[in-house]
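**Q** Supplied in structure tokens, the structure appears directly below.
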Amino acid sequence: MTATISTTMSPKKPIDFVERNNLKAFREILRDWLAIALIIVFSIWANNIFVYVICVWLIGAFQFALAEAIAHEAAHYNLFTSKVWNDHLEFLYAFPFFRTLYSYRKHHFPHHTYLGSEKDYLIEQYEFLGLNKTNKNVFMILFVKPILGFSAIFFVVETIHDTLLNFKTGLQENNERLLKNLLQLCLFWLVVIFGFYWSGHLDILLLYWFVPLLWSYSFFSAFNEVQEHCNTVSGTRSNVNPVVNLIFHNGGYHYVHHLCPTIPWYNLPKAHQSLCPNNPDVSRSFLDSYRQITRDNSAIKSSEAN
Numbered sequence: 005m006t007a008t009i010s011t012t013m014s015p016k017k018p019i020d021f022v023e024r025n026n027l028k029a030f031r032e033i034l035r036d037w038l039a040i041a042l043i044i045v046f047s048i049w050a051n052n053i054f055v056y057v058i059c060v061w062l063i064g065a066f067q068f069a070l071a072e073a074i075a076h077e078a079a080h081y082n083l084f085t086s087k088v089w090n091d092h093l094e095f096l097y098a099f100p101f102f103r104t105l106y107s108y109r110k111h112h113f114p115h116h117t118y119l120g121s122e123k124d125y126l127i128e129q130y131e132f133l134g135l136n137k138t139n140k141n142v143f144m145i146l147f148v149k150p151i152l153g154f155s156a157i158f159f160v161v162e163t164i165h166d167t168l169l170n171f172k173t174g175l176q177e178n179n180e181r182l183l184k185n186l187l188q189l190c191l192f193w194l195v196v197i198f199g200f201y202w203s204g205h206l207d208i209l210l211l212y213w214f215v216p217l218l219w220s221y222s223f224f225s226a227f228n229e230v231q232e233h234c235n236t237v238s239g240t241r242s243n244v245n246p247v248v249n250l251i252f253h254n255g256g257y258h259y260v261h262h263l264c265p266t267i268p269w270y271n272l273p274k275a276h277q278s279l280c281p282n283n284p285d286v287s288r289s290f291l292d293s294y295r296q297i298t299r300d301n302s303a304i305k306s307s308e309a310n
């Protein structure tokens, strides 16, 4: 009698998607830095104000890919097979954005553990942005103000102010590891600023790093914080738009990331399809996210309960 082999596959578990790949990590980091460099070269060559503005927004997108996708993966130790590499290489994806992975983890991990509670930094951020007001204008908060440059304040409060607070904490608690990390950050920026000044290209640093950082990057950062959790049914929203996820290293698959933070970015789409395909909070574009943020969820929650 011939044995019958079952072709039915057992359901996937989160652990099935957990792995590390050094080559993919280095490839993605190189992609972002190379894209930024090529955009800068093209803008300088074009020597046109309209081209410059477009390039600023493109640079900001790749800055966001580095700071909020790659650094985020490193914070969860998802980038490299060796845990220490995530920290040793933070000058590639954390220092350029005035943050350290140590302070990033202190800031970010409670968001996973206490999502939606008073210990979650999102509560304070939404209050700062004005999303808790009854008469709020969400379009003004998410699009008009950031495009006018007000999101730079969000960047200063969220990142630089947080870094300064960590420095104060390090001094008060005599935390040598924290202080050493912050001194490395200061040294990094001293070298960068002196290098550009000495070479006579300080204007390049200002126009092609700080302007995108304070304008377009800060817009993506503020919008993303709102998009991922504001006015959701499940608590977390995923943006499955292929272009968004191509640029931002699958950062849109946020629900499955909260489900299992150790799944690396390149396995998130497969994990999403396998583990949570019916999540009620799925967006397919920035505008779709805006529509969901401003919708009335009462009917959806009622149908979910039934």
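In short: position in the sequence shown from 1, add 4, done, that's the numbering used here.
Even glycine gets a Cβ: it sits at the ideal position worked out from N, Cα and C.
1) Buried or exposed for Lys-149, please, with buried defined as at least 16 other CB atoms from any protein chain shown within 10 angstroms of its CB.
2) Check whether the segment 216-223 touches the segment 54-61, counting contact only when three or more Cβ pairs, one atom from each stretch, lie closer than 8 Å.
3) Which whole-angstrom value describes the C-beta separation of Leu-263 and Pro-114, a residue pair presumed to lie in contact below a C-beta threshold of 8 Å?
4) Note down, in chain order, each residue of its chain lying with its Cβ closer than 8 Å to the Cβ of Ser-10, except the 5 sequence neighbours on either side.
5) Work out the CA separation of Trp-49 and Glu-128 for me, nearest whole Å.
6) According to DSSP, is Asn-301 helix, strand or coil?
7) In angstroms with no decimal places, state the Cα-to-Cα distance between Phe-224 and His-261.
8) Candidates Ile-53, Ile-151 and Asn-90: which alpha carbon is nearest Ile-33's?
9) Give, in chain order, every unbroken run of the alpha helix (DSSP H) that is at least 4 residues long and sits entirely within the segment 165-233.
10) Evaluate Tyr-81 with the Cβ neighbour count: other Cβ atoms within 10 Å of its Cβ, from every protein chain shown; 16 or more gives buried, anything less gives exposed.
11) What do you get for Phe-46, buried or exposed, if any count of 16 or more other CB atoms within 10 angstroms of its CB means buried?
12) Using the Cα positions of Leu-194 and Ser-155, report the straight-line distance between them to the nearest angstrom.
13) Using only CA atoms, which one of His-258, Thr-173, Gly-120 and Val-160 lies nearest to Pro-284?
14) Using CA coordinates, which residue listed in Arg-31, Ser-107 and His-276 is at the minimum distance from Asn-179?
15) Please classify Thr-8 as buried or exposed, where buried requires at least 16 neighbouring CB atoms within 10 angstroms.
16) Decide if the segment 93-103 is in contact with the segment 268-286; the criterion is three or more beta carbon pairs, one per stretch, under 8 Å apart.
17) For Val-286, which of helix, strand or coil comes out of DSSP?
18) Inspect the beta-carbon positions of Ala-79 and Leu-38 and report whether they are closer than 8 Å.
19) Going straight from the alpha carbon of His-276 to that of Asn-243, what length do you get?
20) If we ignore side chains and look at the alpha-carbon of each, how far apart do Leu-42 and Glu-72 end up?
21) Between which two residues does the alpha helix (DSSP H) holding Arg-241 run?
22) In three-state terms, what does DSSP make of His-76?
23) Report the residue from Ser-289, Gly-256 and Arg-288 whose alpha carbon sits nearest the alpha carbon of Pro-273.
**A** According to the structure data:
1) The count along the sequence shown starts at 1 and reaches residue 149 at position 145. Under this definition Lys-149 is a buried residue.
2) Contact between the segment 216-223 and the segment 54-61 is present, because at least three Cβ pairs lie under 8 Å.
3) Translated into positions along the sequence shown, residue 263 becomes position 259. Translated into positions along the sequence shown, residue 114 becomes position 110. Contact flag wrong, Cβ pair sits at about 18 Å.
4) As a working mapping, residue 10 is identified with position 6 in the sequence shown. Model confidence at Ser-10 stands at a pLDDT of 37, short of 50, so the residue's coordinates are unreliable; what they give is reported in the following sentence. Within the same chain, Ser-10 has no close Cβ partners at all.
5) Counted from its first residue, the sequence shown places residue 128 at position 124. Counted from its first residue, the sequence shown places residue 49 at position 45. Whole-angstrom Cα-Cα distance: 43 Å.
6) For this step, residue 301 is matched to residue 297 along the sequence shown. Residue state, collapsed to three classes: coil.
7) Against the sequence shown, residue 224 aligns to sequence position 220. Against the sequence shown, residue 261 aligns to sequence position 257. Those two C-alpha atoms are separated by around 19 Å.
8) Numbered from 1 along the sequence shown, position 29 holds the residue referred to as residue 33. Comparing Cα-Cα distances from Ile-33 to each of Ile-53, Ile-151 and Asn-90, the minimum goes to Asn-90.
9) Counting whole runs of 4 or more residues, the segment 165-233 contains the alpha helix (DSSP H) stretches 165-177, 180-202, 206-209 and 222-233.
10) Position 77 of the sequence shown, counted from the start, is the residue given in the question as residue 81. Buried, because 16 or more other Cβ atoms sit within 10 Å of the Cβ of Tyr-81.
11) The residue given as residue 46 occupies position 42 in the sequence shown. When all chains shown are included, Phe-46 counts as exposed.
12) Indexing the sequence shown from 1 puts residue 194 at position 190. Indexing the sequence shown from 1 puts residue 155 at position 151. Roughly 25 Å between the two C-alpha positions.
13) Sequence index remark: in the sequence shown, residue 284 carries index 280 (1-based). If we check each option's Cα against that of Pro-284, His-258 comes out closest.
14) Position 175 of the sequence shown, counting from 1, holds the residue named residue 179. When each option's Cα is compared against that of Asn-179, the closest is Ser-107.
15) Along the sequence shown, read from residue 1 onward, the residue named residue 8 stands at position 4. Unreliable positioning characterises Thr-8 in this predicted model, as indicated by a pLDDT of 39, which lies under 50. The coordinate reading is nonetheless provided below. Answer is exposed; the Cβ neighbour count stays below 16.
16) These segments do not touch.
17) Position 282 of the sequence shown, counting from 1, holds the residue named residue 286. Note: Val-286 maps to strand in three-state DSSP.
18) Taking the first residue of the sequence shown as 1, we reach residue 79 at position 75. Taking the first residue of the sequence shown as 1, we reach residue 38 at position 34. One thing to note: Ala-79 has its Cβ no nearer than 8 Å to the Cβ of Leu-38.
19) Counted from its first residue, the sequence shown places residue 276 at position 272. Counted from its first residue, the sequence shown places residue 243 at position 239. Taking the straight line from one Cα to the other gives about 11 Å.
20) As a first step, residue 42 must be located in the sequence shown, where it is residue number 38. As a first step, residue 72 must be located in the sequence shown, where it is residue number 68. Using only the alpha carbons, I get a separation of about 21 Å.
21) Taking the sequence shown and counting its residues from 1, one reaches residue 241 at position 237. The continuous stretches of alpha helix (DSSP H) do not include Arg-241, and DSSP gives it neither H nor E.
22) Reading the sequence shown from its first residue, position 72 is the one you call residue 76. Reduced to three states, the DSSP call for His-76 is helix.
23) Residue 273 sits at position 269 when you count from the first residue of the sequence shown. When each option's Cα is compared against that of Pro-273, the closest is Gly-256.
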